[in-house]
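Report on the following structure.
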Amino acid sequence: HMPTGCGTWPAFWMVGGNSPKKWPVWGEIDIIESVHETTRVSTTLHTDEGCDQSGVVAGKDFTGEWETGASNNPASNCDVKAQGQWANQGCGQKGPEGTTGAPFNAKGG
């Protein structure tokens, strides 16, 4: 079951280990993330420079689509400082309709 409704932000995140290096050098994986009444789950990688997923094709390599960046292009660069993307955005994928929120719960989620 996923919490849903205004003011909710259900998420399951993983971050790097106990190290003197600061975020995002060790990376962050947002396995499941949803906001308010969203019905499509988001999965995101947040990294330092050097992690680019532009060769990964939405609809072929994964079901769903890329989140869009500030330039309205696919946000497929995982670097939190990537040009054309929102600050700290990383590379995020939106799952198919009904993968979170009320529709997900109605299917027994």
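Numbering-wise (full-length UniProt numbering), the sequence shown opens with residue 1 and increments by one.
All residues carry an ideal CB built from backbone N, CA and C; glycine is no exception.
Owing to the predicted nature of the structure, the values given are computational and were not obtained by experimental measurement.
Give the range of the beta strand (DSSP E) segment to which residue i is assigned.
i: residue 92; result: 91-94
i: residue 43; result: 42-46
i: residue 33; result: 28-33
i: residue 15; result: 11-15
Give the C-beta separation of residue i and residue j to the nearest angstrom, bearing in mind that I take them to be a contact with Cβ-Cβ under 8 Å.
i: residue 48; j: residue 25; result: 5 Å
i: residue 94; j: residue 67; result: 6 Å
i: residue 88; j: residue 80; result: 5 Å
So is residue i buried or exposed if we call it buried at 16+ other beta carbons inside 10 Å?
i: residue 13; result: exposed
i: residue 74; result: buried
i: residue 55; result: exposed
i: residue 70; result: exposed
Between which two residues does the alpha helix (DSSP H) carrying residue i extend?
i: residue 104; result: 101-106
At the level of alpha carbons, what is the spacing between residue i and residue j?
i: residue 97; j: residue 19; result: 38 Å
i: residue 23; j: residue 9; result: 21 Å
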